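A short write-up of the structure that comes next.
There are 2 protein chains.
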Amino acid sequence: MYDPKPGDRLSSLDTPSMIVDLDIMEENIRKLFLLLQPTGVSIRPHLKTTKSPILAKKLIAAGAKGGCVAKLSEAEVMCAEGVDDILITCEIVGPAKVPRLVELFRKYPKIQTVVDSKEGASAIDAALKASGIETPIQVLIDLDVGLHRTGVAPEAALPLAQHIAKLGHLKLIGVQGYEGHLQHVHSREQREKECRASMVILSATATLLREEGFDIQVVTTGGTGTAEFCATVPGITEVQPGSFIFMDSDYRNAVGTYFSHSLTILSTVISKSGTERRVTIDAGLKSLTTDSGNAEPKDMPGVVYTPMGDEHGWLTWGVELEDFPLGARVEMIPSHIDPTVNLHDFYYAHRKGVIEEIWPVATRGKVQ
Amino acid sequence: MYDPKPGDRLSSLDTPSMIVDLDIMEENIRKLFLLLQPTGVSIRPHLKTTKSPILAKKLIAAGAKGGCVAKLSEAEVMCAEGVDDILITCEIVGPAKVPRLVELFRKYPKIQTVVDSKEGASAIDAALKASGIETPIQVLIDLDVGLHRTGVAPEAALPLAQHIAKLGHLKLIGVQGYEGHLQHVHSREQREKECRASMVILSATATLLREEGFDIQVVTTGGTGTAEFCATVPGITEVQPGSFIFMDSDYRNAVGTYFSHSLTILSTVISKSGTERRVTIDAGLKSLTTDSGNAEPKDMPGVVYTPMGDEHGWLTWGVELEDFPLGARVEMIPSHIDPTVNLHDFYYAHRKGVIEEIWPVATRGKVQ
């Protein structure tokens, strides 16, 4: 039976397989803390990238303050695996979801969540009231700082805070504002400038709420593309980078090479019966996402990857190059790391080609 | 605990959830057999769409001859669940994969696979020889009929057949030629014309091999976009449509509405704090793929969906429309069905809003 184990060499892995170079990953973690810890902000990494409680614990061991998840179903997995200092960064809305939040909160009272409407806040409050739980749940007001995806407009933050204060089961502890539209702006100068403008909105809203008597302890924001800027803005207390740990080609094009590609998809040349300067590998849309462009072959300048359906891709090259033999292995760098990880069930983490650890992608597919 | 069950109403489902309208799905199956059975070809549906042995068995009950899968790891799951008349439509290459094929074949001797190189054929032969299994494995020559993804050129088919004949452990039973580049050609006339040109290559190659004494029983091809044309070409014995069962917007744009959308992703409006005529739903890149364009809201003319990251999407509209309340449910039609199904763990199959069956997406993530 095919059953890869620590100690095996990468060459024994079937493909496509998701592999992580531990030396590079550990260096990425070290560099993140080197960059951000001197600023004094808390680092609450977004776990929607790794989808792994094992990796969450490695980050906490390195100095992270818990973690973020996007969805309630991710929080359920993380908490059950002992990672229970969790901020859920998406609004929890609707009669099918709010009771799940209440159940989770009953067992894991450190859970934090966000709200961006009076109606949403009231629904959570009503469910908590009905549950008989006496401790209030910690909530943050989600503020729209320019992404226009979720979050209240700045002028609506105070009325929402006042509404929350009247409810008995929500404790307002902070403000979240995610500038997701800036993460991939390729010019560093422009990214920093626009980020600082977004941070002014966030920080000013926190100040306004404090002046109105609210105890705003947490002002949380930022991703891999902006955390270093956010962390130096007065009033920001916490940043949420995620992708830095593995990186992807889209982030590298924006952020540069301070962090390195630690994750690749190992694939195999399975057909070369076509024309010259083209072979077909076994990784397509089901192994590498295309929403942020196509993946790139690692360390193969001049070689271009083109997805050819769910299970195939072309490698083509216009330069003089030694041909790929049938069965050749190629490492592919994802263009967008989070949804690519979501396609795979396991990480094979290696050091210099020898597998050290195998991690399940425990929150893969947890979209609820 | 959140635990949906048959008998529950769709309104009780958390979101995003993948739902199937059984009345429509059953009608799609009925219509496929109505269209193709009179031609006398075998129908071997491609199971890379549904990824479910339960659905494979429903298709077999309707008249299908086994099924196709793309990858060996899919075949492993199908066989273990009792669906063992399986053609693996992708080349199996490399020392990590060939032994897995041999193991599977030992238990399930009906397995068929494809080859497109002498080297690939020899490697499978050598592994079978070493295994001590005496029955030869059934193989088809994979022919390039214009997709240029895998498959030998027509002139290389005979030398490959002659090579296979010299090996002791491979039994050549047929030829496969998949015209994947034509499935989504939007003009029916052009699609039919180009398909018939591809089929001439396939059929002529089969004839040539027969004239050279090879016992070519199977000539297999076709997808949802072309099966009806392929099935009427003399010499074609088998077609492989998959997507017809659920459909998607890309296939509808090409093939029309003979088959209807039976699968949607149920989602919820979770934020409406932005501008007028825009709300945010809880389905993004992790629930709906974008490789073939963006998903569409079902039965909502004038409403446009735009993905906004892994977990969010916008609905926007330029027309006069009743606003969506917070918590409103929206059904989204995928743009590309196979990779979208691959994002989800379960199908919730309903009739008129009441869940009848829950099917695991058993071969989700099986890319090896």
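Line by line, the protein sequences are chains A and B.
For the first sequence, full-length UniProt numbering assigns the number 1 to the initial residue and increments by one for each residue that follows.
For the second sequence, full-length UniProt numbering assigns the number 1 to the initial residue and increments by one for each residue that follows.
A virtual CB, placed ideally from N, CA and C, is assigned to each residue, including glycine.
In this text, all values refer to a predicted model and were calculated from it rather than measured experimentally.
- For K171/B, the enclosing beta strand (DSSP E) covers residues 170-177.
- If you look at P360/B, you'll find it in the beta strand (DSSP E) that goes 354-360.
- In the assembly as shown, K193/A is an exposed residue. Its beta-carbon has fewer than 16 other beta-carbons within 10 Å.
- Taking all protein chains in view, the Cβ of N28/A is crowded by 16 or more other Cβ atoms within 10 Å, so the residue is classified as buried.
- Within the same chain, and ignoring the five residues on either side of K118/B in sequence, the residues whose Cβ sits closer than 7 Å to its Cβ are L160, H163.
- Distance check between A96/B and each of Y2/A, A123/A, L321/A, G293/A places Y2/A closest, using alpha-carbon atoms only.
- In the DSSP assignment, I141/B falls within the beta strand (DSSP E) that extends over 137-142.
- Contact check between the region 133-146 of chain A and the region 164-173 of chain A: three or more CB pairs, one atom from each, fall below 8 Å, which counts as touching.
- Taking C-beta separations shorter than 6 Å and ignoring five residues to either side along the sequence, the partners of S249/A in its chain run E296, I333, S335, following chain order.
- Under the Cβ criterion (8 Å, minimum of three pairs), the region 35-42 of chain B counts as touching the region 228-239 of chain B.
- Any Cβ of chain B closer than 8 Å to the Cβ of P339/A would place that residue at the interface, and such an atom is present.
- When the Cα atoms are used, I19/B and T275/A turn out to be separated by approximately 43 Å.
- Under the Cβ criterion (8 Å, minimum of three pairs), the region 273-288 of chain A counts as touching the region 305-312 of chain A.
- Short of 7 Å from the beta carbon of A62/B, and not among the five residues preceding or following it, lie these beta carbons of its own chain, in chain order: I29, F33.
- Of all C-beta pairs linking the region 319-331 of chain B to the region 126-134 of chain A, fewer than three are shorter than 8 Å, placing the two stretches out of contact.
- Non-local C-beta neighbours of D142/B in its own chain, meaning closer than 6 Å and more than five positions away in sequence, comprise V114, D116, T150, G151, Q176, ordered along the chain.
- At a Cβ-Cβ threshold of 8 Å, L104/B and A227/B do not count as neighbours.
- Here L321/A is exposed. Its C-beta has fewer than 16 other C-beta atoms within 10 Å.
- Contact of C79/B with chain A is not assigned, every C-beta pair being separated by 8 Å or more.
- Nearest in C-alpha terms to G94/B, of all of P325/A, V303/A, K366/A, G365/A, is P325/A.
- Judged by pairs of C-beta atoms under 8 Å, the region 6-18 of chain A does not touch the region 252-261 of chain A, as fewer than three such pairs exist.
- For the region 113-131 of chain A, the residues whose beta carbon sits under 7 Å from a beta carbon of chain B are, in order, D116, S117, E119, G120.
- Secondary structure at P307/B: strand, using DSSP grouped into helix, strand and coil.
- Closest option to I265/A, judged by alpha-carbon separation, among I133/A, T340/A, T207/A, I216/A: T340/A.
- Contact between R106/B and G353/B does not hold, since the beta-carbon distance rounds to 46 Å and is not under 8 Å.
- Each residue's CA atom was taken as its position, placing I245/A and E26/A some 8 Å apart.
- When 7 Å is used as the limit between beta carbons, Q368/A is near these residues of chain B: D14, T15, P16, in chain order.
- Within the region 168-185 of chain A, G180 place their CB atoms closer than 9 Å to a CB of chain B, listed in sequence order.
- DSSP places T316/B in the uninterrupted beta strand (DSSP E) bounded by 313-317.
- A distance below 8 Å separates the beta carbons of V145/A and E179/A.
- Taken atom to atom, the span from the alpha-carbon of F214/B to that of L208/B is near 9 Å.
- For C68/A, the enclosing beta strand (DSSP E) has its first and last residue at 67-69.
- The alpha-carbon of P307/A is positioned some 7 Å away from that of N294/A.
- For K286/B, the residues of chain A that pass the 7 Å Cβ criterion are P339, N342, V367, in the order they occur in the chain.
- In the structure shown, P99/A adopts helical secondary structure according to DSSP, grouped into three states.
- Straight-line spacing of the CA atoms in S260/A and G120/A works out to 40 Å.
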